[in-house]
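Undergrad: First the structure, which I've put down as structure tokens, then a few questions once you've had a look.
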Ligand code: SF4
Ligand code: SF4
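Numbering (the numbering used here), first residue to last: 2 to 194.
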């Protein structure tokens, strides 16, 4: 895998990324669509006390760089969409405050917890490789101390909840009967909308 960081770090030196420290600039909460699972939505709904319809959004194909064959696409009668957190006008995640802080930190999506790492685990669950996402400019520092255990735990959590959600998306997409609407999909996932 090529080094996506562009900082001159050799690929073999990936353990250096355990010294990553987020400087809290908020770029990754402002310039991205955060794709979420139903487990993320339930955690946020419970933790924040907002109905899911107030913070979920389905990003249309025209607004998202995601492979055409990606399992994250949900089919609707009016076109496909990927389930994400809503943005405020201007493009930032609706949960980012003026100080560039996450207002739902305890309940945030698992993908926000894993960012900016792209993690590869071995068959035995050991940490094989870490790369840094280059999805946005990330003015990080190098005086952090991230534990392998935490990286592995978050990566496994993300994989497990994504697998369950994407199985549900696959079943929904294959359904032939009935209308396919966004509220209908949320009800199919068990939400009261
Ligand atoms: S939920 Fe929090 S961490 Fe995730 S994008 Fe929104 S503000 Fe950022
Ligand atoms: S872009 Fe990088 S430094 Fe900025 S908030 Fe995100 S992870 Fe932290």
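Glycine included, C-beta positions come from ideal geometry on N, C-alpha and C.
State yes or no: is the C-beta of residue 115 within less than 9 Å of the C-beta of residue 174?
TA: Counted from its first residue, the chain shown places residue 115 at position 114. Counted from its first residue, the chain shown places residue 174 at position 173. For residue 115 and residue 174, no; Cβs fall outside 9 Å.
Undergrad: Are the region 62 to 70 and the region 159 to 172 in contact at 8 Å, needing three or more beta carbon pairs?
TA: no
Undergrad: When you measure from the CB of residue 140 to every non-hydrogen atom of ligand 1, does any distance come out below 8 Å?
TA: As a working note, residue 140 is residue 139 in the chain shown. Not so, every heavy atom of ligand 1 lies at least 8 Å from the Cβ.
Undergrad: Using the Cβ count rule (16 or more neighbours within 10 Å means buried), how would you classify residue 187?
TA: Position 186 of the chain shown, counting from 1, holds the residue named residue 187. The residue is buried, with at least 16 neighbouring Cβ atoms inside 10 Å.
Undergrad: Have a look at 21, 157, 38 and 88 and flag the residue whose alpha-carbon is nearest the alpha-carbon of residue 108.
TA: Reading the chain shown from its first residue, position 107 is the one you call residue 108. Residue 108 has its Cα closest to that of 38, out of 21, 157, 38 and 88.
Undergrad: Taking only heavy atoms of ligand 1 into account, decide whether any of them is closer than 8 Å to the Cβ of residue 105.
TA: Translated into the one-based positions of the chain shown, residue 105 becomes position 104. Yes.
Undergrad: Considering only C-alpha positions, which residue in the set 92, 26, 176 and 32 is nearest to residue 137?
TA: Here residue 137 refers to the residue found at position 136 of the chain shown. Comparing Cα-Cα distances from residue 137 to each of 92, 26, 176 and 32, the minimum goes to 32.
Undergrad: Which word fits residue 162, buried or exposed, when buried means at least 16 other C-beta atoms lie within 10 angstroms of its C-beta?
TA: Counting from 1 along the chain shown, the entry for residue 162 is found at position 161. The residue in question, residue 162, is buried, as its Cβ has 16 or more Cβ neighbours within 10 Å.
Undergrad: Measure the alpha-carbon distance for residue 55 versus residue 45 and round it to whole angstroms.
TA: Here residue 55 refers to the residue found at position 54 of the chain shown. Here residue 45 refers to the residue found at position 44 of the chain shown. Each residue's Cα considered, the two are about 11 Å apart.
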